[in-house]
Amino acid sequence: MVSLLLIAPLLPIVAGIVLTAMDIGPRRVPHRLAYVVSLGTAIVTAAAVAGIVIARPVIDIAWVPSIGLRLYLAADDISVPLIVLTAVIAVLLVARSTGPQEDRNGLFLGSVLGVVGAALAAFLTRDVIGFFVAFEVALVPMWVLIRRFGEPAEAHRAAWLFVLYTVLGSMLMLAGILVLVTTAGTTDMDRLAHGIGGSHGTQVVAATLLLAGLGIKIPIWPLHTWLPAAHTAAPTTGSVLLAAILLKMGSYGIVRLVVGPLPDGLRSVAPVFAVMTVIGMIWAALICLREDRFKRIVAWSSIVHMGFVMLALLTGTVLGVQAALFGNIAHAVISALLFLVAGELKTRWGNDDLSVAHPALRDATPKLGFALILGVAAAIGVPALAGFWSEILTLLALWQHGGGWRFIAILAVAAAVLVGAYSVRLLRRVWAGEDGETTALPPSPGQPAPDLTISAQVGIGVLALAIVVLGVYPTPLLHLTQASVQVLVGAR
1 MVSLLLIAPL LPIVAGIVLT AMDIGPRRVP HRLAYVVSLG TAIVTAAAVA GIVIARPVID
61 IAWVPSIGLR LYLAADDISV PLIVLTAVIA VLLVARSTGP QEDRNGLFLG SVLGVVGAAL
121 AAFLTRDVIG FFVAFEVALV PMWVLIRRFG EPAEAHRAAW LFVLYTVLGS MLMLAGILVL
181 VTTAGTTDMD RLAHGIGGSH GTQVVAATLL LAGLGIKIPI WPLHTWLPAA HTAAPTTGSV
241 LLAAILLKMG SYGIVRLVVG PLPDGLRSVA PVFAVMTVIG MIWAALICLR EDRFKRIVAW
301 SSIVHMGFVM LALLTGTVLG VQAALFGNIA HAVISALLFL VAGELKTRWG NDDLSVAHPA
361 LRDATPKLGF ALILGVAAAI GVPALAGFWS EILTLLALWQ HGGGWRFIAI LAVAAAVLVG
421 AYSVRLLRRV WAGEDGETTA LPPSPGQPAP DLTISAQVGI GVLALAIVVL GVYPTPLLHL
481 TQASVQVLVG AR
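Numbered per full-length UniProt numbering, the sequence shown spans residues 1 to 492.
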């Protein structure tokens with residue numbers, strides 16, 4: 001079972017490197033071969049993850065003993081949901097990539113597998129340096145997806161914004177890690193979880209650097225503008241990976257590197273970051289009210305929903321951290337569903353511009369229309385859907401924290417109300433048709449109007465099921481993380 005800890009992250013990384021190397025040669029990888037290799041890799045990786053979840057093996061080997069670095073891999077109740085999420089998303093995305101990607105299918109699927117493998121490594125490692133390295137490795141194939149396979153008119157700018165902001169975040173994160181490690185004298189996350197000690201000033205400096213660096217990757221205001229640009233330019237698969245996996249690595253890093261190790265530092269700087277976060281939430285929601293591009297609306301709305309996750313983490317309480325961990329999974333499945341819907345719409349329309357009249361989904365493509373309604377309903381926090389619990393638990397954690405945190409909670413509610421407003425606008429234009437006027441989608445001669453393909457139905461169906469199950473029965477996920485969060489946070 002120990003070997004599964006190596007198979008899960010290494011297999012997709014190695015397969016991704018091989019596919020990429022083959023594709024940059026004079027003879028490109030045939031689409032069918034690249035697809036079979038990628039799908040097989042994703043399935044085997046998911047099976048390895050299942051074994052890890054069941055057996056919980058541990059690898060702890062001295063890597064560079066002279067400086068205390070170790071190959072330390074394990075899964076606990078905090079990381080397991082994210083590991084499972086990553087494996088499921090990998091299978092769904094590879095399975096839907098049934099068409100050639102500009103005759104470089106090996107590079108495309110290799111980049112997808114690279115992101116997946118690096119993310120699994122980040123969630124499995126219990127060494128701070130290993131986490132940083134895995135995080136940075138994931139950014140490289142993500143950049144390739146944006147720059148090489150993104151919208152030609154927007155890919156160059158979006159890719160360099162992605163590099164600029166993520167490198168800045170990485171520099172801040174690395175500086176914070178150095179302060180953390182030198183103060184604690186260890187890179188072991190398990191030991192760091194009990195607190196690093198040190199002076200109050202040291203904790204404040206480390207917490208500020210780490211929250212700023214990881215906050216950029218979530219992202220929070222004012223260093224958030226790279227995200228809408230990246231989502232808009234990226235292909236659908238890239239947008240799903242970015243929203244469902246990469247953003248979660250940032251919030252996961254805060255749990256591991258700030259909440260447990262730096263309680264005093266977090267307590268001191270949390271109000272400042274909370275104000276920044278809630279400003280970004282309201283700003284993003286207001287932009288959505290004026291935005292006319294579907295993918296940009298979903299991208300800006302991610303800032304609102306990840307803002308709830310950030311606010312929950314900043315409370316530093318058991319309820320807050322649990323709300324954040326639940327919100328991570330909820331946002332992942334909701335945003336993945338909405339970006340898949342956006343991709344389907346763009347395929348049919350040729351663009352995602354809502355200012356241009358398009359066929360109403362309720363008549364033209366009812367299955368796709370239902371997926372849109374479910375995703376939007378979950379995003380605005382309708383009860384019995386996944387988004388409801390992440391928002392209500394976050395608001396409860398903020399309110400229980402007392403003082404100025406209650407004002408932050410009120411502002412977060414205002415952002416949620418704005419989410420509802422732009423969601424109604426989105427449904428009016430896309431599901432019901434512009435100004436409520438519906439038109440029929442002209443079918444091909446002798447053919448019915450196209451709805452979702454089988455592969456699209458499977459992907460969207462799995463995500464829709466997850467949204468409903470998490471909304472109707474959130475207890476298993478909350479119960480899974482409770483004990484580990486209590487140990488991490490202690491009595492705070």
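From the three backbone atoms N, C-alpha and C, an ideal C-beta is built for every residue, glycine too.
Consult DSSP for residue 72 and reduce its assignment to one of helix, strand or coil.
In the structure shown, residue 72 sits in a strand (DSSP, three-state: E or B).
Roughly how many whole angstroms lie between the Cα atoms of residue 292 and residue 71?
So the two alpha carbons sit approximately 48 Å from each other.
Just how far apart, CA to CA, sit residue 18 and residue 278?
Each residue's Cα considered, the two are about 43 Å apart.
Would residue 118 and residue 138 be called neighbours here (beta carbons separated by less than 8 Å)?
Yes, the Cβ-Cβ distance between residue 118 and residue 138 is below 8 Å.
Of the residues 201, 424, 83, which one's Cα is nearest the Cα of residue 51?
Residue 51 has its Cα closest to that of 83, out of 201, 424, 83.
Report all residues from its chain with a CB closer than 8 Å to the CB of residue 427; omit the five preceding and five following residues, and keep chain order.
Correct list, in chain order: 372, 373, 376.
Under three-state DSSP, which class holds residue 440?
Low confidence applies to residue 440: its pLDDT is 41, below 50, so where it sits in the model is not reliable, and the reading given next is rough at best. Three-state DSSP puts residue 440 in coil, outside helix and strand.
With distances taken Cα to Cα, identify the nearest neighbour of residue 300 among 280, 311, 319.
Measuring from the Cα of residue 300, the nearest candidate turns out to be 280.
Measure the alpha-carbon distance for residue 219 versus residue 303 and round it to whole angstroms.
Each residue's alpha carbon lies about 7 Å from the other.
Residue range of the alpha helix (DSSP H) that residue 460 falls in?
It spans 454 to 472 - the alpha helix (DSSP H) in which residue 460 sits, taken as one unbroken run.
Which word fits residue 65, buried or exposed, when buried means at least 16 other C-beta atoms lie within 10 angstroms of its C-beta?
Looking at its Cβ environment, which holds fewer than 16 other Cβ atoms inside 10 Å, residue 65 is exposed.
Residues in its own chain within less than 8 Å of residue 171 by CB, not counting five upstream and five downstream?
Excluding residues within five positions, the ones whose Cβ falls inside 8 Å are 213.
Between which two residues does the beta strand (DSSP E) containing residue 60 stretch?
First-last of the beta strand (DSSP E) with residue 60: 59 to 64.
Identify the continuous alpha helix (DSSP H) that holds residue 217 and give its terminal residues.
Taken as a continuous stretch (DSSP letters only), residue 217 belongs to no alpha helix (DSSP H), as it is neither H nor E.
State the DSSP-derived secondary structure class of residue 127, mapped to helix, strand or coil.
Three-state DSSP puts residue 127 in a strand.
Given a cut-off of 8 Å on the beta-carbon distance, is the pair residue 97 and residue 85 in contact?
No. Outside cutoff.
In three-state terms, what does DSSP make of residue 293?
Note: residue 293 maps to strand in three-state DSSP.
Can residue 21 be considered in contact with the ligand FAD, in the sense that its beta carbon sits closer than 7 Å to one or more heavy atoms?
Summarising the ligand content, the structure contains no ligands, and the ligand FAD is consequently not present.
Below 8 Å on the Cβ atoms is my contact criterion, and I expect residue 312 with residue 397 to pass it. Report the Cβ-Cβ distance as a whole number of Å.
Yes, they are in contact, since the Cβ atoms of residue 312 and residue 397 sit about 6 Å apart, within 8 Å.
Taking the continuous alpha helix (DSSP H) assigned at residue 231, which residues delimit it?
Start and end: 226 to 233.
Classify residue 132: buried if its beta carbon has 16 or more other beta carbons within 10 angstroms, exposed otherwise.
With 16 or more other Cβ atoms within 10 Å, it is buried.
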